[in-house]
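Since the structure comes first, as structure tokens, the remarks are kept for the end.
2 protein chains.
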Amino acid sequence: MTFIANAPFLPLPELRKVQQNNWTQQRQHLSGSEFYRRHHPAAPFLFPLDLEDIAELPLTDKEMLRADQSVHPPFGSYLGFPSDRVVRLHRTSGTTGQAMNIALSSADALMQAHIAGRSQSAAGLEPGDIVVHCLNYQLWMGGLTDHLGLESTGALVVPYGSGGSELLIRTILDVGINAISCTPSYPARLEQIIAERFPELTPRELGLRKGFMGGEAGLDDPTFRQRLETVWGMQAMNSNYGVSDFLCNFAGQCTDQTDLHFLALDVALPELIDVNTSEPQPWRTGAEGELVLTNLSKECQSLVRFRTGDLVRLTNTDKCQCGRTAPRFRVISRTDEMIVVRGVNTYPSSVSAAVLSCPELNGEYRIRLTHKGPYDRLPLEVELKSSAYPSDNLLARLSHHIGQVLRLTVELELLTQGELPRTEGKTKRVIKEYLS
Amino acid sequence: MTFIANAPFLPLPELRKVQQNNWTQQRQHLSGSEFYRRHHPAAPFLFPLDLEDIAELPLTDKEMLRADQSVHPPFGSYLGFPSDRVVRLHRTSGTTGQAMNIALSSADALMQAHIAGRSQSAAGLEPGDIVVHCLNYQLWMGGLTDHLGLESTGALVVPYGSGGSELLIRTILDVGINAISCTPSYPARLEQIIAERFPELTPRELGLRKGFMGGEAGLDDPTFRQRLETVWGMQAMNSNYGVSDFLCNFAGQCTDQTDLHFLALDVALPELIDVNTSEPQPWRTGAEGELVLTNLSKECQSLVRFRTGDLVRLTNTDKCQCGRTAPRFRVISRTDEMIVVRGVNTYPSSVSAAVLSCPELNGEYRIRLTHKGPYDRLPLEVELKSSAYPSDNLLARLSHHIGQVLRLTVELELLTQGELPRTEGKTKRVIKEYLS
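So the protein lines, in turn, are chains A and B.
Going by my numbering, the first residue of the first sequence is number 1269, and it counts up by one from there.
Going by my numbering, the first residue of the second sequence is number 1269, and it counts up by one from there.
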């Protein structure tokens, strides 16, 4: 058994049976894996029969996979499948280290397309829509594999890739395209091209009504969504959450709310663990922890208890208005952005919320760390609105307020509007000025 | 019924039954086509029950499809299938007129991948090979649809696209890639990059042993193949003949010979017609004519008796050494490159052969037409080798020789080495200096 057609709508106890069935096969498949037999720190170990006992198994992390691929190129000894059955290779960009090689068999490719299609369908993509896919098709999963995910919704998908924005605009008009799959920052680029080269056109007149996006945190910002609605007449959906090493896209919002439905419960087991102790956390609404994932059905590079590095909060396990039983979560932060101040875990997202609660600040901030933790206070640079002026009194008041909200001591520095560097795409909020 | 797994190896009488079965269904499907009901010049007409009678039907040409797409955008009234069942759109580049929109349903996409895989398999791609696919993934069929064709052989396919040649070389080395899918002109570009940026490396050391190429005539040139063998240690295969409006790739050479096997006889009916009279030509070894194609199994934009504009020669209908029963052909020329001189049809390929038969010439030539035909002599510019000198005597001798080979009168002009312009990719041999 592998994926089942209607999994996101099934009662959870029924899904649990599907998971257990898939695990029964998967543990046999995994028992042949060189990596889990030899390279795992707790090897050799037995895989439990009952999926309930999975927390007994050691965790797997990205560093272990990296090290293994460099000793056993190109796919690592965790390939777990004859290499002549691999039909597709993707690579990660390797921005935080060596690039990773991702292997898919034919069955894996089909399964990934189907699961990814669930996210796009939940976000409202359907037969009759014509969606242009504007992610890079060169090596990365975002191109080819996401294309096939979009197709599996029954929508018409136009392969476009990145770049060539002027031809893109002509193609959208020519073909009557009504939806776009892209990064959240791309519409701003298109606005620029329209202003420069199509002055007779407004973004709204392009006819893009649905945006399918993913990855960056900006999508959860209501201002961002509102802006796309106003300027483009476009509904921006967070429809593409995935972890390349694990599955390309397995969570997205539905049209009834903005949290992410976990849509792959038939083929993937999620857990939450405490970031500091690695202890399993209960799977219930409100729980927070690092997302840990196990492939229950995958032929190539199947992972057991893989640490994603994403800190998530489980926001709802009830059936959603949209009809999906699939539990919902929000991504809070990356665990490697966690800063420990006197034993309190802090994340950029909480800092951002605290900064935004001060009417004198414009929301821009930066945390500059000059040495490894622990810290006894949080070093925080913030920008004043252009209407506010720095003073000792203001400094003291804001330090107190932010400290109260975050429940720790802050070492605040007030900057005037525009002093912090702006970047395109993901803005780096935590700057580490030391070697880790 | 649609495609069958082993079609290229089936006895031809058995295949004929498959064709007839598919046609029986296809003619019902076609009877719902707006285009064939209303827009065809001989409409309304009945589709014959027996496939043998297909030559009674009128021909379809590219201009009719173009006109129809411009009145019924984006797919024309010959879509013949509910448009909300289309899942993939490709566009042709429109170098000879308006771009065409190509529509595929899920079933079409699967069928095209399977058929394209036959060509690549015949050319020697197999499980265990790692092939990097270096055609543009933006809109054109060559990217995504050919990628899936390559995958369907069971080989491991790396999506790369065009450009980024330096990263490509690093990726080939990193991953252990042993095969490349690209245009025939791309290896020369890679040689340049290697010379400039990897001076410690030779092309051969890159480890590319198999080249899967298509389209351009240069592939049939033994010198080109020999050069790739010498410089790269690479076997260059002509593995990708297709007609975007019809099927992306349905013919390729096998490893036993260099003619193209027609590999889609289960889903496509080929015919040959006389270029001037449009009369059907007998389907037997040695026959020449324009290739005309009918889709026997396709959901979207199914075509009946479509003029490809390619003049081909059927070179063999016997079973090949490789075991394939699939008939073999060579592409001689494009019919729109045909020049009529006093009633004799001439093509650049014959002119090329005649020019190459003169030891004083270096093989470069150009036919410059200043008015519409008919012509009473062929205007031909040729380049002398650097060792030869122009003279009236030489001119007379070469004119006589080339005229004899081509069986028409030539008006020869001798140029010195290097006078004709060189271009990357397809060199234009016939220059029309008038408006058609």
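Note that CB positions come from ideal geometry on N, CA and C, so glycine has one too.
Over the uninterrupted beta strand (DSSP E) stretch that includes residue i, give me the two end residues.
{"i": "B/Lys1246", "result": "Missing from the structure shown is residue 1246 of chain B; chain B here goes from 1269 to 1704 and no further."}
{"i": "B/Val1511", "result": "1509-1511"}
{"i": "B/Pro1647", "result": "1646-1652"}
{"i": "A/Ser1449", "result": "1447-1449"}
{"i": "B/Ile1607", "result": "1607-1609"}
What are the boundary residues of the alpha helix (DSSP H) that residue i is part of?
{"i": "A/Leu1412", "result": "1412-1419"}
{"i": "B/His1340", "result": "Careful: B/His1340 lies outside any alpha helix (DSSP H) and carries neither H nor E."}
{"i": "A/Val1443", "result": "1433-1443"}
{"i": "A/Ala1391", "result": "Unbroken run through A/Ala1391: none, as it is neither H nor E."}
{"i": "B/Gly1671", "result": "1660-1674"}
{"i": "B/Val1623", "result": "1616-1624"}
{"i": "A/Asn1289", "result": "1280-1299"}
Among all the DSSP beta bridges, which residues are the ones paired with residue i?
{"i": "B/Asp1524", "result": "Paired residue(s): none; B/Asp1524 is not in a bridge."}
{"i": "B/Asp1578", "result": "B/Arg1602"}
{"i": "B/Leu1469", "result": "Partner(s): none; B/Leu1469 has no beta bridge."}
{"i": "B/Ala1504", "result": "B/Gly1479"}
{"i": "A/His1529", "result": "A/Gly1520, A/Arg1596"}
{"i": "A/Gly1549", "result": "Gly is not the amino acid found at residue 1549 of chain A; the sequence shown has Gln there. Answer is A/Leu1540."}
{"i": "B/Lys1700", "result": "B/Leu1637"}
{"i": "A/Pro1705", "result": "Because chain A is modelled from 1269 through 1704, residue 1705 of chain A falls outside the range shown and cannot be assessed."}
{"i": "A/Glu1632", "result": "Note: A/Glu1632 sits in no beta bridge, so no partner."}
{"i": "B/Ile1272", "result": "Partner(s): none; B/Ile1272 has no beta bridge."}
{"i": "B/Thr1562", "result": "B/Leu1537"}
{"i": "A/Arg1356", "result": "A/Leu1372, B/Val1425"}
{"i": "A/Leu1680", "result": "A/Leu1648"}
How about residue i: is its Cβ closer than 7 Å to a heavy atom in the ligand ATP?
{"i": "B/Leu1579", "result": "The model depicted lacks the ligand ATP and carries no ligand whatsoever."}
Measuring straight from C-alpha to C-alpha, what distance separates residue i and residue j?
{"i": "B/Asp1513", "j": "B/Met1368", "result": "8 Å"}
{"i": "A/Thr1413", "j": "B/Cys1516", "result": "20 Å"}
{"i": "A/Glu1434", "j": "B/Glu1434", "result": "26 Å"}
{"i": "A/Leu1325", "j": "B/Gln1406", "result": "44 Å"}
{"i": "A/Asn1563", "j": "A/Val1572", "result": "6 Å"}
{"i": "B/Ser1546", "j": "B/His1639", "result": "24 Å"}
{"i": "B/Phe1574", "j": "B/Ile1445", "result": "39 Å"}
{"i": "A/Pro1290", "j": "A/Phe1315", "result": "The displayed chain sequence assigns Asn, not Pro, to residue 1290 of chain A. In a straight line, the C-alpha of A/Asn1290 is about 13 Å away from that of A/Phe1315."}
{"i": "B/Val1609", "j": "B/Ser1299", "result": "42 Å"}
{"i": "B/Ser1601", "j": "B/Asn1584", "result": "18 Å"}
{"i": "A/Pro1627", "j": "A/Glu1687", "result": "18 Å"}
{"i": "A/Leu1416", "j": "A/Pro1427", "result": "10 Å"}
{"i": "A/Tyr1633", "j": "B/Ile1437", "result": "41 Å"}
{"i": "A/His1529", "j": "A/Thr1603", "result": "21 Å"}
{"i": "A/Thr1576", "j": "A/Leu1582", "result": "15 Å"}
{"i": "A/Trp1500", "j": "B/Tyr1304", "result": "39 Å"}
{"i": "B/Ile1670", "j": "B/Ala1375", "result": "51 Å"}
{"i": "B/Leu1225", "j": "A/Ser1449", "result": "Residue 1225 of chain B is absent from the model: chain B starts at 1269 and stops at 1704."}
{"i": "B/Trp1408", "j": "B/Gly1429", "result": "11 Å"}
{"i": "A/Ile1541", "j": "A/Gln1549", "result": "5 Å"}
{"i": "B/Ser1507", "j": "B/Gly1410", "result": "13 Å"}
{"i": "B/Ser1707", "j": "B/Ile1462", "result": "No statement about residue 1707 of chain B is possible, as the shown extent of chain B runs from 1269 to 1704 and does not include it."}
Taking its Cβ as the centre, do 16 or more other Cβ atoms sit within 10 Å of residue i, making it buried, or is it exposed?
{"i": "B/Ser1570", "result": "buried"}
{"i": "A/His1668", "result": "exposed"}
{"i": "A/Pro1658", "result": "exposed"}
{"i": "B/Arg1493", "result": "buried"}
{"i": "A/Lys1696", "result": "exposed"}
{"i": "A/Gln1294", "result": "buried"}
{"i": "A/Glu1567", "result": "buried"}
{"i": "B/Ile1440", "result": "buried"}
{"i": "A/Leu1537", "result": "buried"}
{"i": "B/Asp1321", "result": "exposed"}
{"i": "B/Gln1287", "result": "buried"}
On the three-pair Cβ rule with 8 Å, is the region 1678-1689 of chain A touching the region 1272-1279 of chain B?
-> Result no; under three Cβ-Cβ pairs closer than 8 Å.
Would you call the region 1378-1393 of chain B and the region 1409-1424 of chain B in contact, with 3 or more CB pairs under 8 Å?
-> Yes, since at least three Cβ pairs between the region 1378-1393 of chain B and the region 1409-1424 of chain B fall closer than 8 Å, the two stretches touch.
Any 3 or more C-beta pairs closer than 8 Å across the region 1595-1612 of chain B and the region 1643-1652 of chain B | Yes, the region 1595-1612 of chain B is in contact with the region 1643-1652 of chain B.
Could you tell me whether the region 1446-1459 of chain A touches the region 1472-1481 of chain A, where touching means 3 or more Cβ pairs closer than 8 Å?
-> The region 1446-1459 of chain A is in contact with the region 1472-1481 of chain A.
For the region 1671-1680 of chain A against the region 1613-1625 of chain A, are there 3 or more C-beta pairs whose distance is under 8 Å?
-> The region 1671-1680 of chain A, when compared against the region 1613-1625 of chain A, does touch it at the 8 Å Cβ threshold.
Pair every Cβ in the region 1332-1351 of chain A with every Cβ in the region 1385-1400 of chain A, then say whether three or more of these pairs are closer than 8 Å.
-> Touching, no.
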